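Here the protein sequences come in this chain order: A and B. When the letters of the first sequence are read in order and numbered with my numbering, they come out as residues 1 to 115. When the letters of the second sequence are read in order and numbered with my numbering, they come out as residues 1001 to 1113. Every residue gets a Cβ at the ideal spot worked out from N, C-alpha and C, and that includes glycine. Here the structure is a predicted model, which is why all the values come from computation and not from measurement.
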Amino acid sequence: AQSVAQPEDQVNVAEGNPLTVKCTYSVSGNPYLFWYVQYPNRGLQFLLKYITGDNLVKGSYGFEAEFNKSQTSFHLKKPSALVSDSALYFCAVRDIRTGGFKTIFGAGTRLFVKA
Amino acid sequence: DVKVTQSSRYLVKRTGEKVFLECVQDMDHENMFWYRQDPGLGLRLIYFSYDVKMKEKGDIPEGYSVSREKKERFSLILESASTNQTSMYLCASSPGTGLYEQYFGPGTRLTVT
């Protein structure tokens, strides 16, 4: 079964500290993985994706994600958090069962960055 | 920049009303999607469309229908609104298949009383 899990409902971090938002996945075949961010009262914005290639993927706003096949994880990271990073983050995986049209989203992790 | 617009940011309707949510994208994308977002449940796919006049059910299609008469426009219809359809509705579009990211509209917060 295709699925994605975000084990933390909320992550708290102090400004300037590194942040990690966790994601694990379960897929048949090659995983195609995405991270999106939702700022208050706005739609989702694409951050980055892993399709193939380097395990470390760089994205928007200084975010990066590390693909780990053996641990089936795709954790989102940033070396130094900003208060403006406070938002809701969604991990997602392509659902190949429907020809790749569908994307399965995790439940979301709320990130709070404290000044 | 890709732009996905939704007809309303906030909408209040009464139980039993027929509700239309409109979505327009300006990037000639083949695929369009309707999701609902509820706290703790993430995004759940209601319907998607991969071409004009083509539609496929998502994970929670009951109580909803869709229409795609033009490539840029994808409408979600609540045939008879119920209180359990109170939610945030997000429209998205993407080119090609799931290798591509989706572009989202700002959302419509629908309240059914």
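- Going by C-alpha positions, proline 7 of chain A is about 7 Å away from cysteine 23 of chain A.
- At a cut-off of 8 Å, the C-beta of tyrosine 1047 of chain B has no neighbouring C-beta in chain A.
- A buried status is given to aspartate 95 of chain A, since no fewer than 16 other beta-carbon atoms sit within 10 Å of its beta-carbon.
- Chain-ordered, the chain B residues with CB closer than 7 Å to the CB of phenylalanine 105 of chain A read Gly1042, Leu1043.
- Glycine 62 of chain A sits in a helix when the DSSP states are folded into three classes.
- Using beta-carbon distances, phenylalanine 1020 of chain B does not count as an interface residue toward chain A, since no partner is under 8 Å.
- A residue is called buried once 16 or more other Cβ atoms fall within 10 Å of its Cβ, and glutamine 10 of chain A, having fewer, is exposed.
- Separation of the CB atoms of alanine 92 of chain A and glycine 106 of chain A is rounded to 7 Å, and the pair is thereby assigned contact status at 8 Å.
- In terms of beta-carbon proximity, glutamate 1062 of chain B stays away from the interface with chain A, with every pair separated by 8 Å or more.
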